[in-house]
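Just below is one structure, and these are the notes that go with it.
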Amino acid sequence: MGLALSVAVALVAAGCAAPGEQGDSALEVVGGPDQNGYHGNYMDPPYAMPELTFTDTSGEEYHLAEDTTKPLTLVFFGYTNCPDICPTVLADSAAAIRRMPAEQKGDVQLVFITTDPDRDTPEAIREYLDRFDESFVGLTADMDTIEQAADDLVVEIEPKRELSGGGYATDHGSHVIGFNAKDEGWLLWTPSTAVGDLRADYTRFLAEQQ
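Written out as structure tokens, the structure is:
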């Protein structure tokens, strides 16, 4: 049947850059005509959760496939120095979860994988994620592991790009992938998805897992 994402990927200018700089190269995913009733992009066949080990913000090993056991796991790649797209995606995801029925909120887990392990220490990631939702899981690893996970999930990560005002950006795909408890990634949301639409998709996805 193939991917419902009839146009797979294209690099476009988006956020995650300092003011006055060109934004990061984010994966623009264009859905096919049938999204199975979801606001996000419905993928058939689904992505598989990578069988890779990271370090969480407590310094403990976190196996991406084995430790993501919630009925809905949201996977997002980003970095703590991203000024716009990353905080927007995280804030919208947190807002959507807060608006869900009380009995469903505990069934959702967002996992943030840094694209900037040189600057993003576990402590820095924890402090950053706590601004949005203290339940969010933050992960880091060596760059080879991060890039392998990104490749497995068709998330673009570009080489470091120097900024004119100093420092650098790590351009990356900005979509969120939704997995079920069987490590199947059926849904993909772009940063333009409205909070209300995210909430509706999360709620429906969980209901369909029962």
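Numbering (this note's numbering), first residue to last: 91 to 300.
A virtual CB, placed ideally from N, CA and C, is assigned to each residue, including glycine.
These figures come from a predicted structure and were not determined experimentally.
Host beta strand (DSSP E) of residue i (start-end)
| i | result |
| --- | --- |
| residue 263 | That residue, residue 263, is in no beta strand (DSSP E); it is neither H nor E in DSSP. |
| residue 135 | 131–138 |
Nearest-angstrom Cα separation, counted from residue j out to residue i
| i | j | result |
| --- | --- | --- |
| residue 111 | residue 251 | Here residue 111 scores only 40 on pLDDT, less than 50, and its place in the model is too uncertain to base an answer on. |
| residue 118 | residue 279 | Note that residue 118 scores 42 on pLDDT, short of 50, meaning its location in the model is unreliable and no value can be drawn from it. |
| residue 240 | residue 273 | 15 Å |
| residue 115 | residue 176 | Confidence is the limiting factor: at residue 115 the pLDDT is only 36, short of 50, which leaves the residue's position unreliable, though a coordinate-based value still follows. If I take the Cα positions, the gap works out to 13 Å. |
| residue 179 | residue 238 | 22 Å |
| residue 224 | residue 169 | 17 Å |
| residue 203 | residue 153 | 12 Å |
| residue 211 | residue 230 | 8 Å |
| residue 262 | residue 206 | 10 Å |
| residue 173 | residue 167 | 14 Å |
| residue 133 | residue 300 | 20 Å |
| residue 227 | residue 146 | 7 Å |
| residue 270 | residue 155 | 11 Å |
| residue 160 | residue 196 | 8 Å |
| residue 297 | residue 162 | 10 Å |
| residue 260 | residue 190 | 32 Å |
| residue 97 | residue 282 | Note on residue 97: pLDDT 30, under 50, position unreliable in the model; the coordinate value appears next. One C-alpha to the other measures close to 17 Å. |
| residue 232 | residue 183 | 26 Å |
| residue 215 | residue 143 | 17 Å |
| residue 294 | residue 139 | 21 Å |
| residue 327 | residue 268 | Beyond the ends of the chain as shown, which are 91 and 300, falls residue 327; an answer cannot be given. |
| residue 305 | residue 253 | An answer regarding residue 305 cannot be provided, because it is not within the stretch 91 to 300 covered by the chain. |
Three-way DSSP call (helix, strand, coil) for residue i in this model
| i | result |
| --- | --- |
| residue 207 | coil |
| residue 146 | strand |
| residue 277 | strand |
| residue 151 | strand |
| residue 117 | In this prediction, residue 117 has a pLDDT of 38, which is less than 50 and means its spatial position is unreliable; what the coordinates show is noted afterwards. Note: residue 117 maps to strand in three-state DSSP. |
Min CB distance residue i to chain B below 8 Å
| i | result |
| --- | --- |
| residue 174 | Reference to chain B is not applicable here, since this structure consists of a single protein chain. |
Limits of the alpha helix (DSSP H) - the one that residue i falls within
| i | result |
| --- | --- |
| residue 169 | Segment: none, residue 169 is in no alpha helix (DSSP H) and carries neither H nor E. |
| residue 286 | 285–299 |
| residue 156 | 154–157 |
Bridge-paired residues (DSSP) for residue i
| i | result |
| --- | --- |
| residue 258 | 252 |
| residue 187 | For residue 187, which the question treats as bridged, DSSP gives no partner whatsoever. |
| residue 163 | 199 and 269 |
Subject >> Length-filtered (3 minimum) beta strand (DSSP E) runs lying within the segment 195–244 >> reply: Listed in chain order, they are 198–204 and 227–230.
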